[in-house]
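There are 2 protein chains.
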Amino acid sequence: MAFEGDTYGQRTLDFVERLQQLTEYDEICQHIMKEMEWFGFSCVSSFSIPGPGENLKASIQLNNRPQEYTERYVEKNYVVHDPAVTELRKTIHPYSWSDIRKRRVLKKSEKLIMDEATEFGARDGFIIPIVTISGSAALFCPCGLEPDLSPRARAAVEIIGIYSHHALQRALVHKQREEAAHTPLTPREREIMQWVASGKTDDEIADILSVGTSTVTSHVENAKKKLDAFRRTYAVVQAIRSGEISL
Amino acid sequence: MAFEGDTYGQRTLDFVERLQQLTEYDEICQHIMKEMEWFGFSCVSSFSIPGPGENLKASIQLNNRPQEYTERYVEKNYVVHDPAVTELRKTIHPYSWSDIRKRRVLKKSEKLIMDEATEFGARDGFIIPIVTISGSAALFCPCGLEPDLSPRARAAVEIIGIYSHHALQRALVHKQREEAAHTPLTPREREIMQWVASGKTDDEIADILSVGTSTVTSHVENAKKKLDAFRRTYAVVQAIRSGEISL
DNA sequence: AAGTCTCTCCTAAGAACTTAGGATACCGCA
DNA sequence: TGCGGTATCCTAAGTTCTTAGGAGAGACTT
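So the sequences go chain by chain: A and B.
The numbering used here numbers the first residue of the first sequence as 1 and each following residue consecutively.
The numbering used here numbers the first residue of the second sequence as 1 and each following residue consecutively.
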């Protein structure tokens, strides 16, 4: 399957090795967009699908589509009808915009959205669905006038896309953890905060761990101080943010 | 950075191209484990960090460590003290077991856990932290007697690990797509839960939104019911989990 | 051996949350 | 026009959390 002079594979690992050196969010974005350009994708956008009432803008992880295009896309709420997005509900495998056209006939409203993309310099694009532990969906989408969509390039773009999404997410989490700087919790505090996060009262936790209620209260109070929280709910959020407990 | 005869890069893309053909969970597992073997990793385990009361076993995504080892690991709850796991709280970048030893002196209990891994044929391992939109942590960990941990191999294993985790997750989501149907929060409920998550009391939220305290309380109670929570802390956690509010 | 950290436990008043009932008004949809 | 959903507000008793003190036992470090 591999062939001599397989530059795709080399590029992929070079990309990873360089990205490993970067820590700043903006640098990472630049690095990703530059790599996608090599594949003939002039623009990249990556975002999670906004829930009902949620703003698409707040869900954007990375985007260098033309500003005018983005603004209209957000304002007109295209994300609800964009076939490139709605297709996510049908499949979990990567697909290109042209794949959708081959699969089914587009509605008028769908055609309109895709034509508008073409006007702004994106004739074809590649959608990489991102699934997460909590199930919520996101996508990584490079697009351009004449992108390389050969099988080998698709493999490279898919793995680079998933890795990039992860790298961006990692940078965000890193930032959050720094912002939530704190003295680390003791194992007992962490254990108890994890129970608090699961909705248990101090009495219940005391029963579970076979200690006094006051002990539990005391640990929670210590944890709250360490996490700079006056309220348990916020202490739990801070504990999650800082990686002390998990969801 | 790339060099002639870069088989790592070729292998990586070959791996992706083959994986794209697979749909069955077990096939994907086999494919991943086989690839890791090429790098000198005899075993692979991938799991999300279990919460309290949650069983590690239920969080395992992929695992072919010796059964006896796994059973003891689960039974003795090693996951809480395993330095390979606890290190996740300190860093979000990949690291090897030997990296941890270089960074700090291990406690007796930690040394014991790592020695036990060695007994079962894993002298060194490579941890790839997985971060998600909701912030919860997971890891992908190949290990073996004499794994290839050269810089180029690390890059390859990292991107393969992240891609593999995603592929497994995708297969799981595909399997369980029809399950979790929770009633979505109303915009107001979501807004208020976001404030609750930031540690505000009902009184404070009422001030912020210029409504009565009882209104706020009422919204929170409705949200709690929708989220199947008896306690606010858990309601916040559930809201984050289901993507209703963000960290 | 002294100091630090962790885990355990205690009191007690006041603040905040929980629960289970209500009620009114507005809006969109059938 | 009526129905369901949302948003607003109310009471009131009971439970849980918050705060600010304290103190002893054991482990680890210097």
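Using N, Cα and C, we set each Cβ at its ideal position, and we do this for glycine too.
Neighbour flag for residue i against chain B, beta carbons, 9 Å
i              : result
A197 (chain A) : yes
T12 (chain A)  : yes
P147 (chain A) : no
E87 (chain A)  : no
T233 (chain A) : yes
V173 (chain A) : yes
E127 (chain A) : Looking at the sequence itself, residue 127 (chain A) is Ile, so the reference to Glu does not match. No, I127 (chain A) does not count as interfacial toward chain B.
K200 (chain A) : yes
E244 (chain A) : yes
R101 (chain A) : no
E191 (chain A) : yes
A223 (chain A) : no
A156 (chain A) : yes
Buried/exposed call for residue i, threshold 16 Cβ in 10 Å
i              : result
A181 (chain B) : Confidence at A181 (chain B) is low in this model, with a pLDDT of 41, below 50, so the placement of that residue should be treated as unreliable; the coordinate-derived value is given next. Per the 10 Å Cβ criterion, exposed.
P187 (chain B) : exposed
Q194 (chain A) : buried
P184 (chain A) : exposed
P83 (chain A)  : buried
T233 (chain B) : buried
E35 (chain B)  : buried
F39 (chain B)  : buried
T132 (chain B) : buried
D202 (chain A) : buried
E179 (chain A) : exposed
E71 (chain B)  : exposed
K224 (chain B) : buried
A58 (chain A)  : exposed
S210 (chain A) : exposed
K226 (chain B) : buried
L112 (chain A) : exposed
I192 (chain B) : buried
R142 (chain A) : At residue 142 (chain A) the sequence reads Pro, which differs from the Arg that was named. Answer is buried; the Cβ neighbour count reaches 16.
Any chain A beta carbon closer than 9 Å to residue i
i              : result
F230 (chain B) : yes
T217 (chain B) : no
D6 (chain B)   : yes
T132 (chain B) : yes
V74 (chain B)  : no
V236 (chain B) : yes
R152 (chain B) : yes
T213 (chain B) : no
S45 (chain B)  : no
V105 (chain B) : no
I250 (chain B) : Outside the shown range of chain B (1 to 247) lies residue 250 (chain B), about which nothing can therefore be said.
V80 (chain B)  : yes
S98 (chain B)  : no
A181 (chain B) : Confidence in A181 (chain B) is poor, its pLDDT being 41 and thus under 50, which makes the residue's placement too unreliable to answer from.
Residue i vs residue j beta-carbon contact at 9 Å
i              : j              : result
R190 (chain B) : A122 (chain B) : no
S198 (chain A) : L149 (chain A) : no
I127 (chain A) : Y95 (chain A)  : yes
R177 (chain A) : I130 (chain B) : no
F120 (chain A) : Y69 (chain A)  : yes
Y78 (chain A)  : R65 (chain A)  : no
V196 (chain A) : A156 (chain B) : no
I47 (chain A)  : L139 (chain A) : Sequence check: residue 47 (chain A) is Phe here, not Ile. Against a cut-off of 9 Å, the Cβ pair of L139 (chain A) and F47 (chain A) comes out as a contact.
Q30 (chain B)  : Q169 (chain B) : no
D14 (chain B)  : Q10 (chain A)  : no
G144 (chain B) : G161 (chain B) : no
N63 (chain B)  : V85 (chain B)  : no
T118 (chain B) : I159 (chain A) : no
Y25 (chain A)  : A153 (chain A) : no
K200 (chain B) : R241 (chain A) : no
A206 (chain A) : T215 (chain A) : yes
V237 (chain A) : V236 (chain B) : yes
Beta-ladder partner(s) of residue i, from DSSP
i              : result
N222 (chain A) : Looking at the DSSP assignment, N222 (chain A) forms no beta bridge with any residue, so it has no partner.
S46 (chain A)  : A:L62 and A:F140
I127 (chain A) : A:Y95
beta-carbon residue i near the ligand FAD non-hydrogen atom, thresh 8 Å
i             : result
N63 (chain A) : As for the ligand FAD, it is missing from this structure, which has no ligand bound.
Residues in the segment 158–170 of chain A having any Cβ partner in chain B nearer than 7 Å: Correct list: E158, I159, I162, Y163, H166, Q169 and R170.
Against chain B: residues of the segment 8–41 of chain A by CB proximity under 8 Å: Here the close residues are Y8, G9, Q10, R11, T12, L13, D14, V16, E17, R18 and Q20.
Positions along the segment 55–69 of chain B whose CB lies within less than 8 Å of some CB in chain A: Within the segment 55–69 of chain B, no residue has a Cβ that lies closer than 8 Å to any Cβ of chain A.
Near-chain B residues of the segment 109–126 of chain A - C-beta to any C-beta below 8 Å: For the segment 109–126 of chain A, there are no residues whose beta carbon sits under 8 Å from a beta carbon of chain B.
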